[in-house]
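What follows is a single structure, written as structure tokens, with notes after it.
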Amino acid sequence: MTVAPKRPAAMTLAAHFPERTEAEWRDLAAAVVNKGRSEDQLLSADDAVASMRSHLVGGLDVDPLYTRPADPAPLGMPGAMPFTRGRTLRDADVPWDVRQLHDDPDAAATRKAVLGDLENGVTSVWLHVGADGLAASDVVEALADVRLDLAPVVVSSWDDQVAAAEALYAVLSGSAAASGNLGLDPLGAGARTGATPDLAPIADFVRRVNGNGEIRAITVDTRVFADAGATVPDEVAFALATGVAYLRHLESEGVDAAEAFRHIDFRVTAGADQFLTAAALRALRRTWARVGESIGVPEQSRGAFTHAVTAGRMFTRDDAWTNILRSTLATFGASIGGADAITVLPFDTVAGLPTAFSRRIARNTQILLSEESNVARVTDPAGGAWAVEALTDDVAQAAWTAFQEIERAGGMVEALANGVVAQRISTAVTERDGALATRTQPITGVSMFPLAGEQPLERASRAELPVGANALVPHRDSAVFEALRDRSAAYAAEHGHAPRVAVPTLDVPRAADRRIDAVNLLTVAGIEAVEPDGDGGTVALGATDKGYEGVTKDMDVVAFLSALLDQTGAPA
Numbered sequence: 127m128t129v130a131p132k133r134p135a136a137m138t139l140a141a142h143f144p145e146r147t148e149a150e151w152r153d154l155a156a157a158v159v160n161k162g163r164s165e166d167q168l169l170s171a172d173d174a175v176a177s178m179r180s181h182l183v184g185g186l187d188v189d190p191l192y193t194r195p196a197d198p199a200p201l202g203m204p205g206a207m208p209f210t211r212g213r214t215l216r217d218a219d220v221p222w223d224v225r226q227l228h229d230d231p232d233a234a235a236t237r238k239a240v241l242g243d244l245e246n247g248v249t250s251v252w253l254h255v256g257a258d259g260l261a262a263s264d265v266v267e268a269l270a271d272v273r274l275d276l277a278p279v280v281v282s283s284w285d286d287q288v289a290a291a292e293a294l295y296a297v298l299s300g301s302a303a304a305s306g307n308l309g310l311d312p313l314g315a316g317a318r319t320g321a322t323p324d325l326a327p328i329a330d331f332v333r334r335v336n337g338n339g340e341i342r343a344i345t346v347d348t349r350v351f352a353d354a355g356a357t358v359p360d361e362v363a364f365a366l367a368t369g370v371a372y373l374r375h376l377e378s379e380g381v382d383a384a385e386a387f388r389h390i391d392f393r394v395t396a397g398a399d400q401f402l403t404a405a406a407l408r409a410l411r412r413t414w415a416r417v418g419e420s421i422g423v424p425e426q427s428r429g430a431f432t433h434a435v436t437a438g439r440m441f442t443r444d445d446a447w448t449n450i451l452r453s454t455l456a457t458f459g460a461s462i463g464g465a466d467a468i469t470v471l472p473f474d475t476v477a478g479l480p481t482a483f484s485r486r487i488a489r490n491t492q493i494l495l496s497e498e499s500n501v502a503r504v505t506d507p508a509g510g511a512w513a514v515e516a517l518t519d520d521v522a523q524a525a526w527t528a529f530q531e532i533e534r535a536g537g538m539v540e541a542l543a544n545g546v547v548a549q550r551i552s553t554a555v556t557e558r559d560g561a562l563a564t565r566t567q568p569i570t571g572v573s574m575f576p577l578a579g580e581q582p583l584e585r586a587s588r589a590e591l592p593v594g595a596n597a598l599v600p601h602r603d604s605a606v607f608e609a610l611r612d613r614s615a616a617y618a619a620e621h622g623h624a625p626r627v628a629v630p631t632l633d634v635p636r637a638a639d640r641r642i643d644a645v646n647l648l649t650v651a652g653i654e655a656v657e658p659d660g661d662g663g664t665v666a667l668g669a670t671d672k673g674y675e676g677v678t679k680d681m682d683v684v685a686f687l688s689a690l691l692d693q694t695g696a697p698a
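Under the numbering used here, residues 127 to 698 are what the sequence shown spells out, in order.
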């Protein structure tokens, strides 16, 4: 007789910890926050908890503690309304498309890079076509070695979308088992280049690929808005509004609503805030499914196909290796958020065209996460975590409100034309720049823990995209600090050394630590810290009985360092 193995006892990880009520937790949290405060500065439990709350750009708040709501909404299931938990159940063996971007204008080099990626774990190909990428006429050569029955192929373009779509269609239509997306997004292209968008071609391409369920025509690419500075809720709102604009246009051209819905994919950004990235993807699926429900799309067809790309706005030129850390966090967020395809931009993206090594690091970031962390074995692994559920609700509510405002203003076409979109982005940029300048939102390797004496990466440069006056231009978070470094570099080119500032040792508690902090602060701008008895021509930090003059916890670092560079004579 076969005896069934005894089932191991359930693990009770918290069994030895005493149970605490929320009120007790608040008192314990207040005790920690008040540690070291004088009697007249003590905070109440409510104020202490409030001080631990994080504020995100765009009006979102993150609490220090989340507990099960008294009347929680049903969590739902993957592959069913409201699709928060995923478009479908995840395949543990191929949980998402590992999609690599190729934008090298050299067709032979791109062909070689595409093949190398596919032989080393990449599962789908993304070609960027146009003035800042591959020529449309070279798409055939770039894909010559691709097994179209195994690897989906997508294209993107800002200035030559129709030609890019035609080129890919010519390739994919030759294979009955091919899959991919033709990348049409006239509103995104118009926003990026400043040109007037033309929606006319999309209906023709949708009709041409009808009957082939694996080829889609439209990609709503919200990177143009996110890279220009849009908040996460606004990025989701712009995705919804753009998708609805295409649905309306296709309906006016006689395309069935369900068929039009099937053709729309979403390419969105994944940032270093992993839980916000996950919440955004979950919120996008939820809200897009609601759009599908409202126009009568069958439930099984309402799940949004999402392609997450590590956000270009978070990439830095200086200490570019730290981009690997940000990309890892972003990829984790995209994976637990249920992205159908993920692209990790190479860490040297800002410097220029990537190398074979940086492409390898990019693809392996998500391959390792997929195959060795076990996150891919679970569909919606963050589902039921009340912090993620609450953040998903907040993003969905804020995005839906913004989407309704855009619709009331005439829709996405009108909102782009009359500046409503640009104004929302400008407001977000102003708020975020304040957080960056005060280092409330720090950038590792740039505004915090800068690398002294760094040698710039040398890469082949990309061709610039010609744009008009109304174009939404990419705005990297680190650019303001890089401008300070550039001023110091220009000074060094003229004088043979970096700008110098004397940093005296203070006669205060923890004086050595204070001086190290000051030296790191100067390094943010590429300024060399020297002893006061060194070069007599240097500017000096003023010393007070409390610290260095002008150096405070909530200081505007950019303004402070700019003023110092002015004093050293560094060119503006």
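Ideal Cβ positions, reconstructed from N, Cα and C, are used throughout, including at glycine.
As assigned by DSSP and simplified to three states, the class of residue i
i, result
"I390", "strand"
"Y295", "helix"
"T395", "strand"
"S305", "coil"
"T527", "helix"
"V288", "helix"
"F575", "coil"
"I532", "helix"
"V183", "coil"
"H375", "helix"
"Q226", "strand"
"L585", "The residue asked about is misnamed: residue 585 is Arg in this sequence, not Leu. Coil at R585, not helix or strand."
"I569", "coil"
"A365", "helix"
"A541", "helix"
"R711", "Lying before the first or after the last residue shown, residue 711 is absent from the chain, which here runs from 127 to 698."
"A700", "Outside the shown range of the chain, which is 127 to 698, sits residue 700, and nothing can be said about it."
"T678", "coil"
"L241", "helix"
"L215", "coil"
"D360", "helix"
"L517", "helix"
"V370", "helix"
Distance between beta carbons of residue j and residue i, contact taken as under 8 Å
i, j, result
"A386", "L373", "5 Å"
"S180", "V188", "4 Å"
"V645", "K672", "Contact doesn't hold; Cβ gap of about 18 Å is too wide."
"R152", "A140", "No, R152 and A140 are not in contact; Cβ-Cβ is about 19 Å, not under 8 Å."
"A257", "P592", "6 Å"
"L376", "I421", "Going by Cβ atoms, the distance from L376 to I421 rounds to 11 Å, so no, they are not a contact pair."
"T457", "T491", "6 Å"
"A352", "A234", "33 Å between Cβ atoms; not a contact."
"V335", "I341", "5 Å"
"T348", "D391", "That belief does not hold up - the Cβ atoms of T348 and D391 are roughly 11 Å apart, past 8 Å."
"L647", "V677", "7 Å"
"I551", "A367", "At roughly 14 Å, the Cβ-Cβ gap does not stay under 8 Å, so I551 and A367 are not in contact."
"G320", "A586", "Contact flag wrong, Cβ pair sits at about 27 Å."
"A624", "I653", "6 Å"
Boundaries (first-last residue) of the alpha helix (DSSP H) holding residue i
i, result
"Q693", "683-694"
"E419", "400-420"
"F351", "349-354"
"V158", "148-159"
"A563", "546-563"
"F706", "With the chain running from 127 to 698 in the structure shown, residue 706 is simply not present."
Where the beta strand (DSSP E) through residue i begins and ends
i, result
"V281", "279-282"
"W252", "250-254"
"F331", "Note, F331: premise wrong, no beta strand (DSSP E); alpha helix (DSSP H) at 326-335."
"A434", "431-436"
"A317", "Looking at the DSSP string, A317 is not in any beta strand (DSSP E); the run it does join, the alpha helix (DSSP H), is 312-319."
"A467", "467-469"
Residue of the options minimising C-alpha distance to residue i
i, options, result
"A434", "P327, L451, A404", "A404"
"F431", "F441, G162, A415", "A415"
"V572", "V546, A651, N544, G510", "A651"
"A597", "N246, T249, W284", "W284"
"A666", "R585, H254, Q693", "Q693"
"G478", "G560, V683, R588", "R588"
"S604", "E620, P221, D166, R452", "R452"
"P359", "A261, A578, L186", "L186"
"T413", "I653, T631, T527", "T527"
"D197", "V272, E145, W512", "W512"
- Residue ranges of each alpha helix (DSSP H) run of no fewer than 4 residues wholly in the region 471-510, ordered along the chain? 482-498
- Query: Which runs of the beta strand (DSSP E), 3 residues or longer, sit entirely within the region 606-674?
  - Reply: 626-628, 654-656
- Whole beta strand (DSSP E) runs in the region 164-211 with 3 or more residues, listed along the chain? 180-182, 186-188
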